[in-house]
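Data block below; observations after.
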Amino acid sequence: MHKARGKPSADFYIRGIAHRLRYLNDQKLAEYEITNQQARLLGAIRRSVYEGVNISRKFLQERMELSGPSVTSLLNGLEKNGFIIRYTDSEDGRAMQIQVTDKGNRIMEGLDQVFKDSEKQLLEGMSEEEKTLFINLLEKSYKNMQ
Numbered sequence: 007m008h009k010a011r012g013k014p015s016a017d018f019y020i021r022g023i024a025h026r027l028r029y030l031n032d033q034k035l036a037e038y039e040i041t042n043q044q045a046r047l048l049g050a051i052r053r054s055v056y057e058g059v060n061i062s063r064k065f066l067q068e069r070m071e072l073s074g075p076s077v078t079s080l081l082n083g084l085e086k087n088g089f090i091i092r093y094t095d096s097e098d099g100r101a102m103q104i105q106v107t108d109k110g111n112r113i114m115e116g117l118d119q120v121f122k123d124s125e126k127q128l129l130e131g132m133s134e135e136e137k138t139l140f141i142n143l144l145e146k147s148y149k150n151m152q
């Protein structure tokens, strides 16, 4: 851990926050029988379907910033638990189509609330100005790492 003026580095805090968010979200999402990563992927699939985007594994890899095998594993879990259905495109047998099931659509409101509650907890005690500054700094740091 690199220390600047006696405080832990930004990396220390960022990793800690990311780990804690994943852990807390996984705990809250357990009642829906879905993991943090699966919930985020399900949300990305649902948004993409509504936007009319052709969903491929490569598209999901890029959108989620995950490896191909990781996306496949998450899709397998979502399909096994009945949140999505995968089928072959009728026009291109090599292409995969994904449909969010009724079960997947029904839990989305609850999943969204879990993520909103986590963000609220993360930003607790900050003024509106501090929240805006914090988000802007995170965005800038994120872009720096691209």
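In terms of the working numbering, the sequence shown is residues 7 to 152.
Here a beta-carbon is modelled for each residue, glycine too, at the ideal position from N, C-alpha and C.
Here the structure is a predicted model, which is why all the values come from computation and not from measurement.
Whether residue i touches residue j by CB criterion (8 Å)
i, j, result
"Lys109", "Gly83", "no"
"Gly49", "Leu117", "yes"
"Ile104", "Ile51", "yes"
"Lys137", "Leu129", "yes"
"Ser124", "Leu47", "no"
Classification of residue i by the beta-carbon crowding that lies within 10 angstroms, buried from 16 upward
i, result
"Tyr38", "buried"
"Gly43", "Here the sequence assigns Gln to residue 43, which means Gly is not the residue at that position. Gln43 is buried by the Cβ-count criterion."
"Asn31", "buried"
"Ile141", "exposed"
"Ile40", "buried"
"Ala101", "exposed"
Any non-hydrogen atom of the ligand FMN closer than 7 Å to residue i Cβ
i, result
"Ser79", "This structure does not include the ligand FMN; it has no bound ligands of any sort."
Top-ranked residue by Cα proximity to residue i, from the options
i, options, result
"Ala36", "Ile91, Glu134, Lys149 and Val120", "Val120"
"Ile91", "His25, Val55 and Tyr29", "Val55"
Uninterrupted beta strand (DSSP E) stretches inside the stretch 74 to 128 (no shorter than 3 residues): With a minimum length of 3 residues, the continuous beta strand (DSSP E) runs that stay inside the stretch 74 to 128 are 90 to 94 and 102 to 106.
Inter-stretch contact at 8 Å, needing at least 3 Cβ pairs: the stretch 93 to 105 / the stretch 59 to 74: Judged by Cβ distances under 8 Å, the stretch 93 to 105 makes contact with the stretch 59 to 74, as three or more pairs qualify.
Stretch-stretch touch, CB-based, cutoff 8 Å, three pairs: the stretch 15 to 24 with the stretch 64 to 77: Between the stretch 15 to 24 and the stretch 64 to 77 there are fewer than three C-beta pairs closer than 8 Å, too few to call the two in contact.
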